[in-house]
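Residue numbers (full-length UniProt numbering): 1 to 292.
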């Protein structure tokens with residue numbers, strides 16, 4: 001297992017972690033500069049943040065500062081109430097693939113979606129089996145396009161608490177089953193984004209990480225699970241502040257062949273988003289060395 005204690009060359013910052021600083025939204029170009037000032041070599045930006053600055057401008061800034069991407073957030077949200085909605089979702093995923101290619105991302109992360117309308121409080125239907133079928137078909141179509149463009153897709157399984165609204169793929173095993181169905185040759189074009197916040201509890205986690213291997217492990221996200229958790233979406237913990245065995249799990253991931261970035265992704269309405277971005281980044285660097 002790699003020794004992170006002496007530096008932070010394998011640290012990446014998911015820009016959600018500092019998209020709010022001292023309670024206010026901060027533009028992506030400023031976030032990129034803050035990372036560069038600390039020698040952080042990689043980020044994973046969100047599409048809305050990129051759009052807020054401009055795709056070409058962000059691409060030029062990253063190139064000038066020699067900052068890479070560890071992933072691009074996000075595609076997915078395939079299920080819809082009708083055929084027109086399914087087409088709209090698929091077209092949006094094609095655009096996300098193109099954006100990821102422009103930014104030279106190693107993968108586009110897919111949060112696959114679930115019951116359409118549930119996030120807004122009114123599900124168009126309640127058949128989660130149908131949603132999973134629409135996810136399967138959407139990923140298959142996206143993969144066909146992604147192969148042409150040369151952009152790998154990374155399915156991110158989300159914690160079961162988000163099965164209705166955000167993702168009906170909830171375990172690493174489910175995600176890998178889809179990968180094996182749609183990419184049996186293990187081409188490197190379809191894999192998973194392993195987010196510790198969502199999968200740390202899974203009794204099959206080590207087994208499924210071994211199953212994934214380096215061909216499927218396309219991204220690795222870290223934070224911590226706080227007890228008690230005050231908000232199931234927006235109360236992620238800084239690494240070392242919670243109950244996740246982060247070093248043990250990274251050992252499993254690296255034993256399976258993963259040698260990429262550890263991407264810090266923290267949504268924290270009540271804590272880290274209330275602090276300065278400079279403080280948050282400095283703590284991320286320290287905890288990457290000591291806790292990840």
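The beta-carbon is built from N, C-alpha and C at its ideal position, and this holds for glycine as well. Here the structure is a predicted model, which is why all the values come from computation and not from measurement.
Assuming residue 103 and residue 58 make a contact with CB atoms under 8 Å, what is their CB distance in whole Å? 7 Å
Strictly by DSSP, which residues pair up with residue 110? Answer is 75, 155.
Nearest CA to the CA of residue 194: which residue from 185, 54, 172, 187? 172
Considering only C-alpha positions, which residue in the set 7, 50, 8 is nearest to residue 28? Of the listed residues, the one whose Cα sits closest to residue 28 is 50.
N- and C-terminal bounds of the beta strand (DSSP E) containing residue 14: 11 to 14
Just verifying my parser: in three-state terms, what is the DSSP assignment at residue 209? helix
To the nearest angstrom, how far is it from the Cα of residue 65 to the Cα of residue 34? 11 Å
Can you give, in chain order, each stretch of the beta strand (DSSP E) that sits fully within the segment 201 to 253 and has at least 3 residues? Fully enclosed beta strand (DSSP E) runs of 3 or longer: 217 to 222.
Can you tell me the Cβ-Cβ gap for residue 31 and residue 15, rounded? I've got them flagged as a contact below 8 Å. 5 Å
Candidates 261, 127, 96, 217: closest to residue 156 by CA position: 217
DSSP puts residue 5 in a beta bridge; with which residues? Paired residue(s): none; residue 5 is not in a bridge.
Residue 192 - partner residues in DSSP beta bridges: 155, 217
Looking only at its own chain, which residues have a Cβ that is under 6 Å from the Cβ of residue 101, when we skip the five neighbours before and after it? 149, 151
Please look up how many angstroms separate the CB atoms of residue 316 and residue 105, rounded, as I've assumed it's under 8 Å. With the chain running from 1 to 292 in the structure shown, residue 316 is simply not present.
Tell me which residues share the same chain as residue 274 and place their Cβ nearer than 6 Å to its Cβ, disregarding the 5 neighbours each side in the sequence. 23
Using the Cα positions of residue 196 and residue 292, report the straight-line distance between them to the nearest angstrom. C-alpha separation (whole angstroms): 11 Å.
Among all the DSSP beta bridges, which residues are the ones paired with residue 264? 13, 222
Consult DSSP for residue 286 and reduce its assignment to one of helix, strand or coil. helix
According to the neighbour-count rule (16 or more other Cβ atoms, all chains shown, within 10 Å of its Cβ), is residue 282 buried or exposed? exposed
Nearest to residue 164 by alpha carbon, out of 208, 115, 243, 158? That would be 115, whose Cα lies nearest to the Cα of residue 164.
Is residue 139 closer than 8 Å to residue 119 when the C-beta atoms are compared? no
Whether or not the segment 230 to 248 and the segment 180 to 191 are in contact is what I'm after, with contact meaning three or more pairs of Cβ atoms, one per stretch, closer than 8 Å; do they touch? No, the segment 180 to 191 does not touch the segment 230 to 248.
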